[in-house]
Amino acid sequence: MKVLVAVKRVIDYNVKIRVKQDNSGVEKENVKMSMNPFDEIAVEEAIRLKEKNIVDEVVIVSIGMESVQETIRSALAMGADRGILVKTDIELEPLSVAKILKHFVEKEKSNITILGKQAIDDDYNQTGQILAGLLNYPQATFASKVVKQDNTMLVTREIDGGLETLKINLPCIITTDLRLNEPRYASLPNIMKAKSKPLDTIELKELNLDLTNRLEILEVKAPPERGGSVKMLDNHGDLIDVLKNKEGIL
Ligand code: AMP
1 MKVLVAVKRV IDYNVKIRVK QDNSGVEKEN VKMSMNPFDE IAVEEAIRLK EKNIVDEVVI
61 VSIGMESVQE TIRSALAMGA DRGILVKTDI ELEPLSVAKI LKHFVEKEKS NITILGKQAI
121 DDDYNQTGQI LAGLLNYPQA TFASKVVKQD NTMLVTREID GGLETLKINL PCIITTDLRL
181 NEPRYASLPN IMKAKSKPLD TIELKELNLD LTNRLEILEV KAPPERGGSV KMLDNHGDLI
241 DVLKNKEGIL
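Structure, rendered in structure tokens:
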């Protein structure tokens with residue numbers, strides 16, 4: 001059994017995002033980049049499946065610029081076995097990413113494919129669902145627990161009303177939610193070991209896929225600055241006065 005994990009390199013979640021002067025997007029030059037946090041959870045879950053002897057191999061796929069190699073190496077240092085970098089400088093929309101991932105799910109004959117529920121840069125929350133649709137595979141999104149039972153996966157999902165457990169057949173698509181697990185830190189020896197793990201690079205154009213964009217970003221704007229100043233109060237009595245008079249409360 002094989003798990004394929006899709007990871008995206010995004011602006012680190014601690015970085016304060018700056019919008020470009022021409023409102024065409026956000027500033028990515030000289031900004032710290034990291035693995036999308038939901039994808040780290042996906043990598044961790046895949047490694048746990050391997051540690052439980054449910055799968056034999058964990059393969060990482062990432063689409064992006066040459067620098068994405070670093071992100072794939074981080075996943076290898078966590079414990080994944082091998083990586084595939086699909087190299088392109090083009091910004092891709094979820095349908096295009098899903099078409100590329102479909103190619104690798106089929107080529108690798110992946111039994112379980114895990115994605116993050118969303119990439120924190122564009123916040124689309126679409127790729128896993130589109131991928132399942134293109135492949136006609138069962139999907140379980142927003143997973144907070146994943147258990148293998150016979151030839152099926154029991155996936156507990158976080159939904160508005162609480163939790164829902166689905167039983168899905170393999171091969172399948174799973175997307176991760178925040179509470180699924182806590183990703184491990186890579187140890188120094190594993191970081192060193194990861195340097196010699198296999199990492200194949202493929203140029204996107206070699207795949208010959210129709211990746212015509214259907215979305216057009218018209219404008220990117222920063223959210224309005226929060227108004228009002230912070231007022232420090234001495235005691236809870238003052239707080240009650242403020243609340244009663246709604247003084248200083250916007
Ligand atoms: P999105 O639909 O863009 O919010 O992304 C959902 C998930 O799709 C991410 O958490 C990743 O697992 C996967 N994904 C999106 N973009 C890429 C990419 N460029 N390379 C690899 N995986 C991606």
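Its first residue numbered 1, the sequence shown is counted upward by one per residue in my numbering. The C-beta atom is built at its ideal place from N, Cα and C for all residues, glycine as well. Predicted, not measured: the structure shown is a model, and the values here were computed from it.
Item	Value
Apart from the five residues on each side of it in sequence, which residues of its chain come closer than 7 angstroms, Cβ to Cβ, to Glu203?	Lys87
With the cut-off set at 7 angstroms, would you say Val68 and Ser62 are in Cβ contact?	yes
Enumerate in chain order the residues of its own chain whose CB-to-CB distance from Tyr13 is below 8 angstroms, with the five nearest sequence positions on each side excluded.	Ser34, Pro37, Ile120
If we require 4 or more residues per run, which alpha helix (DSSP H) segments fall completely within the segment 71-114?	94-108
If you run the structure through DSSP and keep just helix, strand and coil, what is Leu154?	strand
Thr127 by DSSP, collapsed to three states: which one?	helix
My parser needs the beta strand (DSSP E) runs of 3 or more residues fully inside the segment 12-76; what are they?	33-35, 57-64
When the Cα of Arg18 is compared with those of Glu27, Leu218, Leu188, which residue comes out closest?	Glu27
Which residues share a DSSP beta bridge with Ala140?	Ile174
Using DSSP with H/G/I as helix, E/B as strand and the rest coil, what is Lys2?	strand
May I ask you to check if the CB of Val97 is nearer than 6 angstroms to at least one heavy atom of the ligand AMP?	yes
Using beta-carbon positions only, say whether Ala80 and Val58 come within less than 7 angstroms of one another.	yes
What did DSSP end up calling Gly162 once you bin it into helix, strand or coil?	strand
Got a sec: does the ligand AMP put a non-hydrogen atom nearer than 6 angstroms to the Cβ of Lys8?	yes
For Arg214, name the three-state secondary structure that DSSP assigns.	coil
Grab the span of the beta strand (DSSP E) containing Leu199 for me, first residue to last.	199-203
For Ile84, count the other beta carbons within 10 Å of its own beta carbon; 16 or more makes it buried, fewer makes it exposed. Which is it?	buried
From Val263 to Val7, what does the alpha carbon distance come to, in whole angstroms?	With the chain running from 1 to 250 in the structure shown, residue 263 is simply not present.
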